[in-house]
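In the numbering used here, the protein residues as written are 4 to 142.
No residue lacks a Cβ here, since even glycine has one placed at the ideal position from N, Cα and C.
Computed from a predicted model, the values in this text were never measured in an experiment.
Single-structure report; data block below.
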Ligand SMILES: [Zn+2]
Ligand SMILES: [Zn+2]
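Given below as structure tokens:
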């Protein structure tokens with residue numbers, strides 16, 4: 004919780020209970036959730052929280068670079084903490100988004116062919132290994 008509070012302090016964002024809870028959720032669950040997923044989990048412990056609050060907080064976090072949006076599914080925005088830069092793999096079968104720990108020479112660079120980089124998204128999609136194994140065992 005202290006690390007999260009520090010992130011907000013650094014960006015001069017008031018550390019409200021809702022904001023802290025949203026970041027804490029992202030830190031604990033590496034499931035790249037949608038706004039709805041975060042809301043449905045948080046409303047269990049904060050009955051007064053609204054979807055708009057979650058949405059607005061995420062927008063503020065993105066503006067400050069604390070949270071990174073993922074557009075990998077093409078139909079909805081998924082959210083990830085931007086503390087560690089990594090690429091993603093979307094499974095077309097189970098819909099799970101995996102973090103990839105592959106080496107990318109551009110993850111730590113700020114320019115690419117003379118262009119200034121502001122966001123880095125490496126998207127891969129296919130069938131994940133656990134789905135592949137399930138398919139194999141069903142045959
Ligand atoms: Zn899968
Ligand atoms: Zn990720």
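Each of 118, 119, 81, 131 was checked against the Cα of residue 103, and the nearest Cα belongs to 131. The continuous alpha helix (DSSP H) containing residue 138 extends over residues 132-141.
Counted as a single uninterrupted DSSP element, the beta strand (DSSP E) harbouring residue 93 occupies residues 90-94. Remark: the C-beta of residue 130 is in contact range of ligand 1, defined as less than 7 Å to any heavy atom. Less than 8 Å separates the beta-carbon of residue 82 from that of residue 61. Linking residue 57 to residue 20 through their CA atoms gives a straight-line distance of about 12 Å. In the three-state scheme derived from DSSP, where H, G and I count as helix and E and B as strand, residue 119 is classed as strand. Judged by DSSP in its simplified three-state form, residue 70 adopts strand.
In the three-state reduction of the DSSP assignment, residue 106 falls in the coil class. In this structure, the alpha-carbon of residue 88 lies about 23 Å from that of residue 95. For the pair of segments examined, the region 125-141 was found to touch the region 98-116: the number of CB pairs separated by less than 8 Å reaches three.
The C-alpha of residue 114 lies about 20 Å from the C-alpha of residue 66.
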